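Mapping of the sequence shown onto full-length UniProt numbering: position 100 corresponds to residue 100, and the numbering continues sequentially without gaps.
One structure below.
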Amino acid sequence: MDSFLKTVGNLLPYHLLSYGALLGTELYQSFINTKICYQVLPMKEFIVLQKRLFPIYFGTQVGLTALTVATHPPYSIFSLVQNPWSVAPLAIAGLTGCLNWFVYGPRTTTAMLVRRALQESESTDADSDGSKVHQANRNFARNHAMAIHLNAIAMIATVFYGFLLSATLLAGV
1 MDSFLKTVGN LLPYHLLSYG ALLGTELYQS FINTKICYQV LPMKEFIVLQ KRLFPIYFGT
61 QVGLTALTVA THPPYSIFSL VQNPWSVAPL AIAGLTGCLN WFVYGPRTTT AMLVRRALQE
121 SESTDADSDG SKVHQANRNF ARNHAMAIHL NAIAMIATVF YGFLLSATLL AGV
């Protein structure tokens, strides 16, 4: 019982749980949830779902990254100062999550809604050369690609951090 109480009072289990939740959330949302929803839902419902889901996902990603930083053993964030290699991937994951949460996620959602409205509206008939729809498609593609790339960078950084954490644990530090 004494060893269990020591474990409960140590940051390591909380760090492992927060890191695992971060990586699991990133992988699940990126490769399972989005793909299934895209395949199963009609486009209109898919857009509505993504509009509500992605801000929560990006906020969770940032929050779990912060929790992973805050629980870094043995002395929380102060332990990271001693290991700059561990700071870099967590900083990258946090920064890319913030960029998606506050910049590219909202831009992608807005561009998606504008594009869909233009495609469905009869006013595009007045746009004989299709320049408005073309511009909306380009705007959506640019912002969506940026969000996808930032998310991929965050996942790579998170996995890289997992290897750094493993090396630290194997070294017995």
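For every residue, glycine included, the Cβ atom is placed at its ideal position computed from N, Cα and C.
Computed from a prediction, not measured in an experiment: that's the story for all the values here.
Excluding five sequence neighbours on each side, which residues of the same chain lie with their C-beta closer than 7 Å to the C-beta of S76?
L11, A70
Is the Cβ-Cβ distance between T65 and A88 less than 8 Å?
no
Nearest to L22 by CA position, among M43, W101, M155, is which residue?
M155
So the alpha helix (DSSP H) Q61 belongs to, where does it begin and stop?
43 to 70
The stretch 95 to 108 in contact with the stretch 50 to 69 per 3-pair CB rule at 8 Å:
yes
M1 (DSSP reduced to helix, strand or coil):
Three-state DSSP puts M1 in coil, outside helix and strand.
Top-ranked residue by Cα proximity to L118, from P42, L150, S131, H15
Ranking the options by Cα distance to L118, first place goes to S131.
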